[in-house]
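*Asks:*
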Amino acid sequence: MRIVGVDPGVTTGLCICTFKDGADGFTLNATDFYEIELSYDFSDRVDMILAGVRPTLVVIESIVQSGHLSREKVQQIRAHDRTIVAANKRGIKVVEVQPQATKLIRKVPDQVKGNHARDAYRVVMAYFAARE
């Protein structure tokens with residue numbers, strides 16, 4: 000199964016992963032990653048990635064609902080919502096992971112480059128770790 004992990008923000012990280020469930024637990028492999036700046040063509044870029052990957056699932060980090068509404072927070076909300084719209088447009092199931100769960104994941108494969116893409120991998124890992 001192919002999954003896209005998303006860490007929304009001013010720079011949004013995406014990590015494409017393959018998931019296999021086995022008797023000894025699950026295997027998660029990062030196959031590709033992206034870091035996309037929030038700009039006028041953000042939605043188109045996310046849509047193109049989803050069209051090419053054709054994932055079964057998009058796992059996105061949810062937005063913290065409390066605190067000061069800063070410019071960065073507004074941009075994070077925009078990236079979050081635009082990603083969900085792009086996934087819904089393609090009929091892809093979307094699930095959210097709380098930021099607290101993502102912060103518990105420490106190990107990220109070395110081949111995943113960029114802080115935001117690495118965080119996107121953590122989002123996917125947190126989702127599957129919570130299932131066990």
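Counting with numbering that gives the first Met the number 0, you get residues 0 to 131 for the letters of the sequence shown.
Where is the CB? At the ideal position from N, CA and C, for every residue including glycine.
What does DSSP give as the partner residue(s) for residue 17 in the beta ladder?
*Replies:* According to DSSP, which records beta bridges pairwise, residue 17 is partnered with 1 and 28.
*Asks:* Between which two residues does the alpha helix (DSSP H) holding residue 49 run?
*Replies:* Start and end: 41 to 52.
*Asks:* Grab the span of the alpha helix (DSSP H) containing residue 83 for me, first residue to last.
*Replies:* First-last of the alpha helix (DSSP H) with residue 83: 70 to 88.
*Asks:* For the alpha helix (DSSP H) holding residue 102, just list the boundary residues, first then last.
*Replies:* Looking at the DSSP string, the run of the alpha helix (DSSP H) that includes residue 102 is 98 to 102.
*Asks:* Leaving out the 5 sequence neighbours to the left and right, which residues in its chain are closer than 7 angstroms to residue 25 when beta-carbon positions are compared?
*Replies:* Excluding positions up to five away in sequence, the list reads 18, 19 and 127.
*Asks:* What span of residues does the beta strand (DSSP E) with residue 56 cover, start to end?
*Replies:* Unbroken beta strand (DSSP E) run through residue 56: 56 to 60.
*Asks:* Out of 67, 65, 99 and 61, state which residue places its alpha-carbon closest to the alpha-carbon of residue 81.
*Replies:* When each option's Cα is compared against that of residue 81, the closest is 61.
*Asks:* Give the single residue among 32, 9, 37 and 22 whose Cα lies nearest to the Cα of residue 107.
*Replies:* Of 32, 9, 37 and 22, the residue nearest in Cα terms is 32.
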